[in-house]
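Visitor: Below you'll find the structure I mean.
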Amino acid sequence: MGRRRSRQTRSLPANLYERSGYFSWRDPQTGKEHGLGRDRRSAMEQAIEANLLVEGLRNKRRLVDRLNTGPNNSVNAFCDLYAGIIDSRKEAGRIKKATHEHVSQRLRHFRTALGERRMDTITTRDIADYLADWEERGKLRMAQSVRAFLLDLFTVAKSKGWTTINPVGDTKVAPAEVQRARLTLDDFRAIHAVALKDYAPWLARAMELALVTGQRREDLIAMGPRDVRDGKLWIVPQKTDRHGVRICIPLELRLQVVGWSVGDVIARCRDNVLSRHFIHHNAHAGRAKLGDPIRRHTVSAWFAEARDKSGRSWPAGNTPPSFHEIRSLAARLYHEQGVNAQMLLGHKSADMTALYRDVRGAEWIEVKAK
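For the record, in the sequence shown the residue sitting at position 328 is 327 according to the numbering used here, with numbers rising by one throughout.
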């Protein structure tokens, strides 16, 4: 217990001392004194603030905070509001289900870390420390993703008056180095040979369809006969919102280095099993019935197994290529062939020449066959 104060200093806040009209505050943690000048009122106010800080009370909700900012200005309270906004974005089709799940996960983690703090006390230092936790664990891509999430969260908070600044704007995250090995055509052929020999037919078909169309795994497993008309394959990418880019690929488009056209591969997909999907179960497997679509995880897992059986090796320090790397390989091969790979991948650009709109305003990119 500290020494009892004298009659002269009894009216002063704890840790504030006056000597010959000069005030100083003593840090109870270190014993170091800090001069505050001769203004009694200013010294008392500064001492009170300093005491709150060292006692861990500065970020707790006080009466003055309730008077200034309403009944609850905590991070938890705003996260409740933000969660509703994210739900609305999903319902309006502005974000996909997977994006909604990722944001919700980041929101839960942020609540756990800083939920009891007030929104208007979160500083750039707080955010930098929060992001550093991911960086120190080597999760640079996650750190980048979390920063993007926080940037949006605080942008919304600022627009709604919960805070006057966006503390995320000045933060930096180290760039993530590409660590996954690229898939070469020789790699593809070796893995494809294993798929043909040791796995159900759908795996080879999925690889072939990925190579000739350059589309994502999610879009491949969603494709079916209904998407073919007028000699073309019409694709609405899963990542596209209601007004985004659609892709139209002629069935005659041929990847010359392998000799397959889009139409050739689709014809191989349409076997004697009746299905609404090109990539489907050719036999009963667990709960899956004939013709049922293949799950995303199954496509990736089986490809990884076939890759590991192929005998191919990858550069030291790099992770082996995933199924998604077929998309990158397709882009490179088509580019070498002279096909506009950017259009094939569904990326917008200023020099699109074959662009038109449907009646709802959705853009379709028509890939030209060479």
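Just so it is clear, CB atoms sit at the ideal spot from N, CA and C, and this is done for glycine as well. Since the structure is predicted, the reported quantities are computational estimates derived from the model, not experimental observations.
#1: Please confirm whether residue 85 and residue 201 have their CB atoms less than 9 Å apart.
#2: Find out if the Cβ-Cβ distance for the pair residue 152, residue 81 is shorter than 9 Å.
#3: What does the alpha-carbon distance come out to for the pair residue 344 and residue 214?
#4: Anyone know if the C-beta pair for residue 206 and residue 322 falls short of 9 Å?
#5: Return helix, strand or coil for residue 254, following the three-state DSSP convention.
#6: Check whether the region 40 to 47 and the region 9 to 21 are in contact - that is, three or more C-beta pairs closer than 8 Å.
#7: Excluding the five sequence neighbours on either side, which residues of its own chain have a C-beta within less than 7 Å of the C-beta of residue 57, listed in chain order?
#8: Roughly how many angstroms separate the alpha carbons of residue 212 and residue 96, rounded to a whole number?
#9: Given that a residue counts as buried once 16 or more other Cβ atoms are within 10 Å of its Cβ, and exposed if not, what is residue 91?
#10: If contacts are defined as beta-carbon pairs under 8 Å, then residue 216 and residue 233 qualify, I think. What distance do you get, rounded to the angstrom?
#11: For residue 32, name the three-state secondary structure that DSSP assigns.
#12: With a floor of 4 residues, list each alpha helix (DSSP H) that falls wholly inside the region 250 to 323, ordered by position along the chain.
#13: Got a sec, what are the start and stop residues for the beta strand (DSSP E) residue 23 sits in?
#14: Return the Cβ separation of residue 182 and residue 332 in integer angstroms, given the expectation that the two are a contact with Cβ distance under 8 Å.
#15: In whole angstroms, what separates the C-alpha of residue 315 from that of residue 296?
#16: Spatial neighbours of residue 260 within its chain, please: CB distance less than 8 Å, with the 5 preceding and 5 following residues excluded, ordered by chain position.
#17: Which full runs of the alpha helix (DSSP H) of 4+ residues lie inside the region 187 to 244, going along the chain?
#18: Taking Cβ to Cβ, would you say residue 220 is nearer than 9 Å to residue 276?
#19: Compute the Euclidean distance between the alpha carbons of residue 47 and residue 26, then round it to the nearest angstrom.
#20: Note down, in chain order, each residue of its chain lying with its Cβ closer than 8 Å to the Cβ of residue 370, except the 5 sequence neighbours on either side.
#21: Run through DSSP, which three-state label would residue 90 get?
#22: Measure the Cβ-Cβ separation of residue 278 and residue 208 and say whether it is below 9 Å.
#23: Whose C-beta lies closer than 7 Å to the C-beta of residue 71 among residues of the same chain, with five residues either side of it excluded?
Guide: Based on what the coordinates show:
#1: To locate residue 85, count along the sequence shown from 1; it is residue 86. To locate residue 201, count along the sequence shown from 1; it is residue 202. Here residue 85 is not near residue 201, since their CB atoms are 9 Å or more apart.
#2: If you number the sequence shown from 1, residue 152 lands on position 153. If you number the sequence shown from 1, residue 81 lands on position 82. For residue 152 and residue 81, yes; Cβs fall inside 9 Å.
#3: As a first step, residue 344 is located in the sequence shown; it is residue number 345 there, counting from the start. As a first step, residue 214 is located in the sequence shown; it is residue number 215 there, counting from the start. Rounded to the nearest angstrom, the two C-alpha atoms are 6 Å apart.
#4: The count along the sequence shown starts at 1 and reaches residue 206 at position 207. The count along the sequence shown starts at 1 and reaches residue 322 at position 323. Yes, these two residues count as a Cβ contact at 9 Å.
#5: Reading the sequence shown from its first residue, position 255 is the one you call residue 254. Here residue 254 sits in strand by DSSP.
#6: Touching, yes.
#7: Residue numbering aside, residue 57 sits at position 58 when the sequence shown is read from its first letter. At residue 57 the pLDDT is 49, less than 50, meaning the model places this residue with poor confidence and gives no usable figure here.
#8: By 1-based counting over the sequence shown, the position of residue 212 is 213. By 1-based counting over the sequence shown, the position of residue 96 is 97. Computed Cα separation, rounded: 24 Å.
#9: Mapped onto the sequence shown, residue 91 falls at position 92. It is exposed - the Cβ of residue 91 has fewer than 16 other Cβ atoms within 10 Å.
#10: Here residue 216 corresponds to residue number 217 of the sequence shown, with the count starting at 1. Here residue 233 corresponds to residue number 234 of the sequence shown, with the count starting at 1. Residue 216 to residue 233, Cβ: 18 Å. No contact.
#11: Taking the sequence shown and counting its residues from 1, one reaches residue 32 at position 33. DSSP, reduced to helix, strand and coil, places residue 32 within a strand of the structure shown.
#12: Fully enclosed alpha helix (DSSP H) runs of 4 or longer: 261 to 268, 295 to 308.
#13: Translated into positions along the sequence shown, residue 23 becomes position 24. First-last of the beta strand (DSSP E) with residue 23: 21 to 25.
#14: As a first step, residue 182 must be located in the sequence shown, where it is residue number 183. As a first step, residue 332 must be located in the sequence shown, where it is residue number 333. So it is not a contact: roughly 11 Å between Cβ atoms.
#15: Within the sequence shown, numbered from 1, the residue matching residue 315 stands at position 316. Within the sequence shown, numbered from 1, the residue matching residue 296 stands at position 297. Looking at the two C-alpha atoms, the distance is approximately 26 Å.
#16: Along the sequence shown, one-based indexing puts residue 260 at 261. These residues qualify, in order along the chain: 211, 250, 251, 252, 253, 254.
#17: Taking 4 residues as the shortest admissible run, the region 187 to 244 contains the following complete alpha helix (DSSP H) segments, listed from N- to C-terminal end: 200 to 212, 216 to 221.
#18: In the sequence shown, residue 220 corresponds to position 221, counting from 1. In the sequence shown, residue 276 corresponds to position 277, counting from 1. Judged by their CB atoms, residue 220 and residue 276 are nearer to each other than the 9 Å cut-off.
#19: Mapped onto the sequence shown, residue 47 falls at position 48. Mapped onto the sequence shown, residue 26 falls at position 27. Near 12 Å, if we compare the C-alpha coordinates of residue 26 and residue 47.
#20: This structure cannot settle anything about residue 370, because the visible part of the chain is limited to 0 through 369.
#21: Working through the sequence shown from its first residue, we reach residue 90 at position 91. Residue state, collapsed to three classes: helix.
#22: On the sequence shown, residue 278 is found 279 positions in, with the first residue counted as 1. On the sequence shown, residue 208 is found 209 positions in, with the first residue counted as 1. Their beta carbons are under 9 Å apart, which means residue 278 touches residue 208 by this criterion.
#23: Position 72 of the sequence shown, counting from 1, holds the residue named residue 71. Close CB contacts of residue 71 within its chain, under the 7 Å cut and outside five residues either way in sequence, are absent.
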